[in-house]
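So the structure is just underneath, and the comments pick up after that.
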Amino acid sequence: MSPPSGVLINLCQMIGPYCSFEHSLGLIPLLHMESDEHHDPFQDSSGRASLTLKLGDAPYGPEAGHVGVLNSLARSGLPMPGGVVLMEESHRRFLKSSGLAWDLLASGGETEVQGRALELRRRYRGCALEEVLRGVIRNALAEIGGRTVAVISKDVTCMGLHSIPRVEEAVLRAWISTNGLKRQVEATIQGGEIPLWPVLIQRELHEG
Amino acid sequence: MHTVRLPQPIQRFVEYRTGDAMFIVAPDYRVVYWDTRTEFLTGTRAEDVLGKACYDVVLGERENGETFCSWGCSVMRMSQEGRPVTSYDMLVSAPTGGKRWVNVSTLSVECEDGIYLVHLLRDAQDTHETLEMARGLIHLSKKQPGGIAANVATRSRKDIPALTARQLEMLKLLSEGKSVKEIKTSLHLSEATVRNHIRALLQALGAHSQLEALARARTLGILNS
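Protein chains in written order, with the numbering used here: chain Z, 1 to 208; chain U, 209 to 433.
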């Protein structure tokens with residue numbers, strides 16, 4: 001019998017603060033994606049980068065926050081509800097397709113991080129995910145099955161999601177969380193790489 | 209309801225009770241009676257059609273889009289020749305603006321001034337949607353040897369819940385990630401109706417949520433994995 005995902009999530013919360021995880025693509029690759037028609041934005045040095053990986057197969061450890069902890073537990077063979085990790089490539093694709101990447105780059109001259117993050121959050125709160133990402137989420141849900149799922153990221157945990165639109169909303173929330181946007185704005189101001197983070201869609205267990 | 213004076217034999221028909229929609233056409237093709245059920249089915253009010261030529265207001269079509277209703281139509285011709293008319297299906301204008309399948313029975317009533325046609329209409333949209341869906345499934349199974357029909361065929365029929373055409377439509381839209389509001393808009397239904405269809409779908413699949421319904425439908429082979 002696998003433990004309910006809620007228990008695992010609480011376990012993650014007990015683990016407490018985690019190291020910042022900023023395996024991200026920098027400003028230059030983001031710009032490069034748009035400028036070079038022949039460049040495949042989803043190609044990395046190791047081959048075609050995945051938009052998703054099964055929980056336990058993703059290359060994340062505890063330094064990646066809740067998602068990394070759950071991924072490590074799954075990798076170590078602990079019986080866990082199934083899940084699919086939306087990789088940083090998915091996040092990068094979202095930044096590009098929604099236009100948020102360009103707004104972040106335009107934040108370079110800002111001084112007030114919190115204000116800028118809130119402004120961006122307001123602007124992108126109602127934005128729709130592009131069709132490829134929606135397809136990725138649908139496929140993930142088809143793989144996971146189950147009655148409800150949870151969406152978990154570094155900053156956001158949404159539980160009891162019972163329909164595709166709710167899951168899409170939760171993934172969007174994970175990508176435009178205020179804390180996440182603050183990290184991204186801060187990095188832009190300092191001329192660093194824009195941080196990206198994984199988002200986990202995990203099956204929830206129910207009695208009966 | 210009607211403002212046109214009806215011959216005595218026809219007046220009796222109007223007084224009979226029927227659950228079907230009814231409209232009556234005079235020998236000169238004028239609509240002389242159009243009841244509230246017909247108004248509901250076609251979305252056209254009696255005051256807008258009475259006295260007009262039936263083929264101009266009913267605008268019946270065959271499946272291939274050919275005009276069914278016209279001057280000298282086969283129904284009127286057969287009736288005038290004293291031949292019985294068997295019931296038939298045709299597409300008529302629907303309240304939503306599109307077309308809707310109805311099944312029509314016609315009674316020919318001889319009066320002093322000629323043959324009156326009493327048309328009894330019943331909704332046949334669900335039947336046609338089911339047929340359409342079945343055709344789609346057959347077509348899909350021919351295209352994809354390992355697709356829906358192949359999966360379905362490997363299961364016993366009793367394992368697979370009998371979903372209505374509307375429920376299958378809901379299932380498809382839900383699997384595309386459509387929200388209730390989006391479904392409501394695309395199908396021109398009320399939100400409550402869409403929720404009712406989804407509730408019935410969930411019940412038919414024994415699911416407690418939309419995600420579970422989609423997972424069940426995939427497992428049963430109703431949806432492609």
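Even glycine gets a Cβ: it sits at the ideal position worked out from N, Cα and C.
Boundaries of the beta strand (DSSP E) around U/Gly322: 322-331. Secondary structure of Z/Gln202 (DSSP, three-state): strand. Contact fails between the segment 170-188 of chain Z and the segment 232-245 of chain U, because fewer than three Cβ pairs, one in each stretch, are under 8 Å apart. With its beta carbon less than 8 Å from one in chain Z, U/Gln418 belongs to the interface. Per the Cβ contact rule, the segment 137-154 of chain Z is not in contact with the segment 386-398 of chain U (fewer than 3 Cβ pairs under 8 Å).
Closer than 8 Å to the CB of U/Ser394 there is not a single CB belonging to chain Z. In the three-state reduction of the DSSP assignment, U/Lys392 falls in the helix class. The closest CA to that of Z/Thr111, considering only Z/Gln190, Z/Trp102, Z/Leu200, is found on Z/Gln190.
One Cα belongs to U/Thr304, the other to U/His396, and the distance between them is close to 7 Å. Nearest C-alpha to U/Ile430 among U/Gly322, U/Ala370, U/Arg403, U/Gln411: U/Ala370. A Cβ-Cβ contact shorter than 8 Å links U/Asp297 with U/Ala332.
At a cut-off of 8 Å, the C-beta of Z/Thr52 has no neighbouring C-beta in chain U.
Taking the CA atoms as reference points, U/Arg424 sits about 43 Å from U/Thr275.
Taking Z/Leu78 as reference, the option from Z/Val84, Z/Ala174, Z/Leu70 with the minimal CA-CA separation is Z/Leu70. Z/Ser163 reaches chain U at Leu382, Ser387, Ser417, Gln418, Leu419, counting residues in chain order whose Cβ is nearer than 8 Å. For Z/Thr111, the closest Cβ of chain U is not nearer than 8 Å. Listed along chain U are Ser383, Leu422, Ala423, Arg426, Leu431, Ser433, each with a C-beta nearer than 9 Å to that of Z/Ala142.
Contacts with chain U (Cβ-Cβ distance below 9 Å) from the segment 145-158 of chain Z involve Gly145, Gly146, Arg147, Thr148, Val149, listed in chain order.
Annotated three-state conformation of Z/Gly135 is helix, per DSSP.
By a beta-carbon distance limit of 8 Å, U/Asp228 does not contact U/Leu345. Their separation comes to about 31 Å.
Residues of chain U with a Cβ closer than 7 Å to the Cβ of Z/Arg134 are, in chain order, Gly385. Contact of Z/Glu168 with chain U by beta-carbon distance below 7 Å involves Gly385. Taking 8 Å as the threshold, the shortest C-beta distance from Z/Arg183 to chain U does not fall below it. Here the alpha carbon of U/Leu428 sits roughly 10 Å from the alpha carbon of U/Ala421. The Cβ-Cβ distance between U/Val317 and U/Phe221 falls below 8 Å. U/His336 and U/Trp309 have their alpha carbons spaced roughly 7 Å apart. Taking the CA atoms as reference points, Z/Leu104 sits about 8 Å from Z/Ile194. Counting only Cβ-Cβ distances below 8 Å, Z/Arg138 has contacts in chain U at Ser383, Glu384, Gly385, in chain order. Closest by C-alpha distance to Z/Gly56, out of Z/Glu63, Z/Ser50, Z/Val67, is Z/Val67. For U/Tyr263 against U/Ser278, the beta-carbon gap comes to about 5 Å, under 8 Å, which counts as contact. With a cutoff of 8 Å on beta-carbon distance, U/Thr246 and U/Phe231 are scored as near each other. For Z/Gly65, the enclosing alpha helix (DSSP H) stretches over residues 65-75. Counting along the chain, the unbroken beta strand (DSSP E) around U/Asp297 starts and ends at 296-301. Bridge partners of U/Thr275 according to DSSP: U/Glu269.
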